[in-house]
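Under my numbering, residues 0 to 85 are what the sequence shown spells out, in order.
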Amino acid sequence: MLRIRDSLIRYGAEAALIICVKKEKFILLSPQGNGIDETVIKELNELKNRLNIELHNYDLILVSYAESLEKCETSLYKFIVLEGID
């Protein structure tokens with residue numbers, strides 16, 4: 000997961016979050032590999048409620064942050080196209 004975050008930053012993001020779906024819960028993954036779930040971070044539960052998509056176990060949600068929308072989208076696009084997720 001650290002590779003994903005580092006790649007997004009290399010491609011222009013200022014920060015990146017990786018959220019994993021496990022047993023229908025959102026888990027914010029940390030560089031150490033452990034995570035904090037939506038019962039601790041209420042914003043994760045709000046995000047889950049706002050997303051109008053079907054999520055499955057072990058899906059990943061990549062969040063890119065930058066000064067502009069263009070930089071956010073570019074970092075995500077370059078990562079997906081040039082590297083992908085194994």
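Here a beta-carbon is modelled for each residue, glycine too, at the ideal position from N, C-alpha and C.
**Prompt:** Which runs of the beta strand (DSSP E) fall wholly inside the region 4-34 and span at least 3 residues, in chain order?
**Reply:** 14-21 and 24-28
What separation, rounded to the nearest whole angstrom, lies between the Cα atoms of H55 and V20? 7 Å
Exercise. Does the distance from the CB of V62 to the CB of I18 come in under 8 Å?
Worked result: yes
With 16 other CB atoms within 10 Å as the buried threshold, where does Y57 fall? exposed
* From what residue to what residue does the alpha helix (DSSP H) around S63 run? -> Element bounds for S63: not the alpha helix (DSSP H) but the beta strand (DSSP E), L59 to Y64.
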